[in-house]
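A.B. asks:
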Amino acid sequence: MLLAPDLPGPLLKLLALFFWALAIATATAFIVHPIWLPENISLNGVDVDQQLNLTLCIAGAAFVIAHMLLGLFLWRFGGKQAGRALYWHESHRMETAWTVVTAVIFVGLGLQGSRVWAREYLTDPPANAMTIEVTGQQFAWNFRYPGPDGKFGRTRPDKVDDSEGNYIGLDDGDPAGTDDITTQNVIAIPVNRPIQLIIRSRDVLHSFFVPVLRFKQDAVPGMGIPVHFTATKTGEYEVACAELCGMQHYKMRARFLVMTDTDFNAWLKSRSQ
Ligand SMILES: [Cu+2]
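Position in the sequence shown (from 1) plus 1326 gives the number in the working numbering.
(1) Let me check you understand the geometry: is the CB of Met-1578 closer than 6 Å to at least one non-hydrogen atom of ligand 1?
(2) In whole angstroms, what separates the C-alpha of Pro-1520 from that of Ala-1353?
(3) Does the beta-carbon of His-1575, which I'm using as the reference point, lie nearer than 6 Å to any heavy atom of ligand 1?
(4) I need the straight-line Cα distance from Asp-1589 to Ala-1342, nearest angstrom please.
(5) Enumerate in chain order the residues of its own chain whose CB-to-CB distance from Arg-1419 is below 8 Å, with the five nearest sequence positions on each side excluded.
(6) Looking at the unbroken alpha helix (DSSP H) that takes in Asn-1591, where does it start and where does it end?
(7) Indicate the three-state DSSP secondary structure (helix, strand or coil) for Cys-1567 in the structure shown.
(8) Kindly list the residues whose CB is nearer than 7 Å to the CB of Asp-1497, restricted to its own chain and excluding five residues on each side of it in sequence; keep chain order.
(9) Do you know whose CA, among Ile-1494, Asp-1373 and Tyr-1471, lies nearest Ser-1527's CA?
(10) Skipping 5 residues on each side, what residues in its chain have a beta carbon closer than 7 Å to that of Val-1269?
(11) Measure the beta-carbon distance from Thr-1560 to Val-1517 and round it to whole angstroms, keeping in mind my assumption that it falls under 8 Å.
(12) Check whether the Cβ of Gly-1532 lies closer than 6 Å to any heavy atom of ligand 1, and answer yes or no.
(13) Does the beta carbon of Gly-1548 come closer than 7 Å to any beta carbon on chain C?
(14) Could you check the C-alpha separation between Phe-1356 and Trp-1467 for me, to the nearest Å?
(15) Given a cut-off of 7 Å on the beta-carbon distance, is the pair Ile-1361 and Thr-1558 in contact?
(16) Report buried or exposed for Leu-1338, applying the criterion of at least 16 other Cβ atoms within 10 angstroms of its Cβ.
(17) Closest by CA to His-1532, which one among Gln-1574, Asn-1492, Trp-1401 and Leu-1369?
(18) From Gly-1371 to Pro-1474, what distance separates their C-alpha atoms?
(19) Following a CB-centred definition, is Cys-1383 positioned closer than 6 Å to any heavy atom of ligand 1?
(20) Would you kindly report the start and end of the unbroken alpha helix (DSSP H) that includes Glu-1600?
(21) Which of the three DSSP states, helix, strand or coil, is assigned to Asn-1518?
(22) Roughly how many angstroms separate the alpha carbons of Leu-1400 and His-1415, rounded to a whole number?
(23) Which value, in whole angstroms, describes the spacing of the CA atoms of Arg-1540 and Leu-1570?
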C-alpha cells in the first residue's frame, strides 16, 4: 500500500468499487455465458466440457477472491487518514503455502486433463468403428469412404489432378480404389456410431476442427493421424480449418452432417453414383 497516502481517499474508494464491479461483472459473464461454445454432440466432449468448467471454476474463484480482497484493502486502508502502511517482505510460510497450493492445482488439472486427452487419442477405436479419410488441401476438405469392400485404394501424389476432381490422387490402377467414394467440403456420418478419422494433408499444415465435437486435430503432410469419436445428435454442423494455411484459409470449411442410419446409407449411395 505504498501508493495509498499519495492518492486522495475518495479516488481510492472509487478504485475499490471498480475492482469489485470488475470481479462481479466477470463472474456474471461466465455464469450466465450469453456467448459460449456451441452445444456438444460428442460422447467424449462431455469430459472436455467438464474439464473446461472445472478449470474456469478454480481460476474464476481465484480471480474473484483476489479482486474482492484488493478492493477491500483499498477501501479499508486507503487514504491519508489510514497513515503509513506496514511493509515487510519474506514470509517463508506464506510463500511456501501459495507455491504448494498453486502447484497442486496446476499439476492436478494437468493430470485430470491428460486422462480426458488419453481416452481420445491413446485408446483404440471400437471394433465396429467406421473409418473415413480426411485430406486437407489449400483451401478445401476432402473426404473418402472405403466403399463396400471396406478398403481404401492406393493414392499417389502424381495422380493428383484438381481439374479432373482427383483431389487426393486416387490411383485407378488399384482395384481396391474403384468403389471408394470421395466428397469435397461435405462429410456425413451416422449418429451413435463410432467413427475413426484418418487425418491427412496434401500440402501444408491444416487443422481439422469440429467445435460441436470438442475436437481439433492438425493435418500434417506425410502423416495419417487417427482419431475417433461418436456423435450423439443428428443435424448439420461445421468443420473449420483452425490452422492459418494461406490467403484463403478463412473460407476453408466443410459441412458436417450427422444422420440416422437410413439417411446416411441413402446419402452414401447417392454419392457413389
Ligand atoms: Cu487450412
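Beta carbons: idealized from backbone N, C-alpha and C, even for Gly.
C.D. replies: Let me spell this out:
(1) Answer for Met-1578: yes, Cβ within range of ligand 1.
(2) So the alpha carbons of these two residues sit roughly 37 Å apart.
(3) Result yes, Cβ under 6 Å from ligand 1.
(4) Distance between the alpha carbons of Asp-1589 and Ala-1342 is about 60 Å.
(5) Within the same chain, no Cβ atom closer than 8 Å to the Cβ of Arg-1419 is found once the five residues on either side in sequence are excluded.
(6) Boundaries of the alpha helix (DSSP H) harbouring Asn-1591: 1587 to 1598, taken from the DSSP string.
(7) For Cys-1567, the three-state secondary structure derived from DSSP is strand.
(8) Sequence-distant Cβ neighbours of Asp-1497 in its own chain, meaning closer than 7 Å and more than five residues away, are Gly-1479, Arg-1480, Thr-1481, Arg-1482, Lys-1485 and Gly-1503.
(9) Among Ile-1494, Asp-1373 and Tyr-1471, the Cα nearest to that of Ser-1527 belongs to Ile-1494.
(10) This structure leaves residue 1269 out entirely; the chain is present only between 1327 and 1599.
(11) Between Val-1517 and Thr-1560 the Cβ distance is about 5 Å, and since that is below 8 Å, they are a contact.
(12) Checking the sequence, you will find His at residue 1532 rather than Gly. At least one heavy atom of ligand 1 sits closer than 6 Å to the Cβ of His-1532.
(13) In the displayed structure, chain C is absent; only one protein chain is listed.
(14) One C-alpha to the other measures close to 34 Å.
(15) Result no, Cβ atoms of Ile-1361 and Thr-1558 do not sit closer than 7 Å.
(16) The Cβ neighbour count for Leu-1338, taken over all protein chains shown within 10 Å, is at least 16; the residue is labelled buried.
(17) Taking only the C-alpha atoms, the option nearest His-1532 is Gln-1574.
(18) Taking the straight line joining both Cα atoms gives about 30 Å.
(19) Result no, Cβ not under 6 Å from ligand 1.
(20) Since the first residue of the chain shown is 1327 and the last is 1599, residue 1600 is not available in this structure.
(21) Coil.
(22) Using only the alpha carbons, I get a separation of about 20 Å.
(23) Annotation: Arg-1540 to Leu-1570 spans about 19 Å, alpha carbon to alpha carbon.
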